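**Student:**
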Amino acid sequence: MQVLAQVSQQMNYWVHDLSPFLLQFPESWPWPLGGNGIRWYGLSYISGFVIGYLIILSYFKKGKSPYSPAKVSDLATYIIIGVMAGGRLGYMVFYDLAELLSRPISVFEIWRGGMASHGGIIGVAVATVLFAKHNKQSILRTGDIIVSAAAPGLLLGRIANFLNGELWGHPTPVSWAIIFPKADSLPRHPSQLYEAFGEGLLLFIYMQLRFWAKLGKAPAPGQLIGEFLTGYSIVRIFCEIYREPDAALILGITRGQFFSIGTFLAGICFIWLARQKHRSRSEKPVE
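For the sequence shown, our numbering begins at 938 and goes up steadily by one.
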């Protein structure tokens, strides 16, 4: 640490000084406006939902989705509730269980921050099942449609983490390191940007290529769900190597890595089941 401190003084690293607000109201304004404003984090969620909505809307126009524009609007409502409820409850259960048990009301204190991507995935899974059943559509096919448009939200969320100067990486002497004053004066990996690139950009490109069958054979229903879960898990496990743990370790690994092992295994199951189902259908004799 002492060596890194000396290196940071010699190399003149960029010091993170970005504001978490696009627009902040003066402290003198009455509550709840005073000191608050339009945050990048909130905008990232809104933008992610809008982009996902537009992508799924385009599927119907090109015959790749059974959901009309009106149904896509309903789907967006389900997904928004699933992401927000699952993300918040997941954070409290996975990262702040003691607070949840001592003060259950804290789960509603969203202004304090705290959203878990793995919880959001669970919330979206529940929303997908409910929406597909309500509309008498295939759960697997609906899930494939949703995951193919999910990565932009992850991309924007991680960029918002960077703008907030939170979830920073391990100390490092690499030339592109950044000093996050909320942490200390040491140069650190901008792990938020690593995750934005992997979880967001790369995963989005891959999922779109697979959805439109531009990469390999056309996927069987449910296979894209599995590929999204495994792809996300691999990137998350890798990026966590450079990220400073924000909670106690589990079995010697970060909680992000631990929960990603579960999503990875779930993804493998989806891929296997999708292929087995497709194979059994293609081998069914014609009567």
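Just so you know, even glycine gets a beta-carbon here, dropped at the ideal spot from N, CA and C. No experiment lies behind these values; they were computed from the predicted model shown.
(1) Rounded to a whole number of angstroms, what is the C-alpha to C-alpha distance between residue 1132 and residue 1173?
(2) Using the DSSP secondary-structure output, state which residues sit across from residue 974 in a beta bridge.
(3) Closest to residue 988 by C-alpha separation, out of 1169, 1093, 1112 and 1150, would be which residue?
(4) Give me the residue from 991, 1050, 962 and 1017 with the minimum Cα distance to residue 978.
(5) Sorted by chain position, which residues of the same chain lie with C-beta nearer than 6 Å to residue 972's C-beta, five sequence neighbours on each side aside?
(6) Expressed to the nearest angstrom, what Euclidean distance is found between the alpha-carbon atoms of residue 970 and residue 960?
(7) Quick check: the Cα distance between residue 1224 and residue 1212, rounded to an integer number of angstroms?
(8) Pop quiz: residue 1196 and residue 1055 are said to be a contact at Cβ under 8 Å. What is the actual Cβ separation, rounded to whole angstroms?
(9) What separation, rounded to the nearest whole angstrom, lies between the Cα atoms of residue 918 and residue 1114?
(10) Along the chain, where does the alpha helix (DSSP H) containing residue 1190 start, and where does it finish?
(11) Classify residue 1020 as helix, strand or coil using the three-state DSSP reduction.
(12) Counting C-beta neighbours from all protein chains within 10 Å, is the total for residue 1029 16 or more, i.e. buried, or is it exposed?
(13) For the alpha helix (DSSP H) that contains residue 1089, what are its first and last residues?
(14) Measure the CB-CB distance between residue 997 and residue 1010 and report whether it falls below 7 Å.
(15) For residue 954, name the three-state secondary structure that DSSP assigns.
(16) Roughly how many whole angstroms lie between the Cα atoms of residue 949 and residue 1200?
(17) Confirm, please, whether the CB-CB distance from residue 1091 to residue 1046 is below 7 Å.
(18) Is DSSP giving residue 1125 helix, strand or coil here?
(19) For residue 1105, count neighbouring Cβ atoms within 10 angstroms of its own Cβ and tell me buried if that reaches 16, exposed if not.
(20) Where does the unbroken alpha helix (DSSP H) through residue 1142 begin, and where does it stop?
**Tutor:** If we stick to the structure as given:
(1) In the sequence shown, counting from the first residue as 1, residue 1132 sits at position 195. In the sequence shown, counting from the first residue as 1, residue 1173 sits at position 236. Their Cα atoms are separated by approximately 7 Å.
(2) Locating residue 974 in the sequence shown gives position 37, counting from the first residue. Its beta-bridge partners are 961.
(3) Indexing the sequence shown from 1 puts residue 988 at position 51. Comparing alpha-carbon positions, the option among 1169, 1093, 1112 and 1150 lying closest to residue 988 turns out to be 1093.
(4) Reading the sequence shown from its first residue, position 41 is the one you call residue 978. The residue with the shortest Cα to Cα distance from residue 978 is 1050.
(5) Here residue 972 refers to the residue found at position 35 of the sequence shown. Excluding residues within five positions, the ones whose Cβ falls inside 6 Å are 964.
(6) By 1-based counting over the sequence shown, the position of residue 970 is 33. By 1-based counting over the sequence shown, the position of residue 960 is 23. Looking at the two C-alpha atoms, the distance is approximately 11 Å.
(7) Within the sequence shown, residue 1224 is the residue found at index 287, counting from 1. Within the sequence shown, residue 1212 is the residue found at index 275, counting from 1. Since pLDDT at residue 1224 reaches only 48, below the 50 mark, its modelled position is unreliable, and no value is offered.
(8) The residue you call residue 1196 lines up with position 259 of the sequence shown. The residue you call residue 1055 lines up with position 118 of the sequence shown. So it is a contact: roughly 4 Å between Cβ atoms.
(9) Missing from the structure shown is residue 918; the chain here goes from 938 to 1224 and no further.
(10) Stepping through the sequence shown from its first residue, residue 1190 is reached at position 253. Residue 1190 -> no alpha helix (DSSP H), and no H or E assigned at all.
(11) Working through the sequence shown from its first residue, we reach residue 1020 at position 83. Helix, per DSSP.
(12) Indexing the sequence shown from 1 puts residue 1029 at position 92. Residue burial annotation: residue 1029 is buried, with at least 16 other C-beta atoms found within 10 angstroms of its C-beta.
(13) Within the sequence shown, residue 1089 is the residue found at index 152, counting from 1. Its alpha helix (DSSP H) spans residues 1088–1101.
(14) Position 60 of the sequence shown, counting from 1, holds the residue named residue 997. Position 73 of the sequence shown, counting from 1, holds the residue named residue 1010. When the beta-carbon positions are compared, residue 997 and residue 1010 stay at least 7 Å from each other.
(15) Within the sequence shown, numbered from 1, the residue matching residue 954 stands at position 17. In the structure shown, residue 954 sits in coil (DSSP, three-state: anything other than H, G, I, E or B).
(16) Start at 1 with the first residue of the sequence shown, and residue 949 comes out as number 12. Start at 1 with the first residue of the sequence shown, and residue 1200 comes out as number 263. In a straight line, the C-alpha of residue 949 is about 40 Å away from that of residue 1200.
(17) As a position in the sequence shown, residue 1046 is number 109, starting the count at 1. As a position in the sequence shown, residue 1091 is number 154, starting the count at 1. For residue 1046 and residue 1091, no; Cβs fall outside 7 Å.
(18) Along the sequence shown, one-based indexing puts residue 1125 at 188. DSSP places residue 1125 in strand when its eight states are reduced to three.
(19) Position 168 of the sequence shown, counted from the start, is the residue given in the question as residue 1105. Label assigned to residue 1105: buried.
(20) Counted from its first residue, the sequence shown places residue 1142 at position 205. It spans 1140–1148 - the alpha helix (DSSP H) in which residue 1142 sits, taken as one unbroken run.
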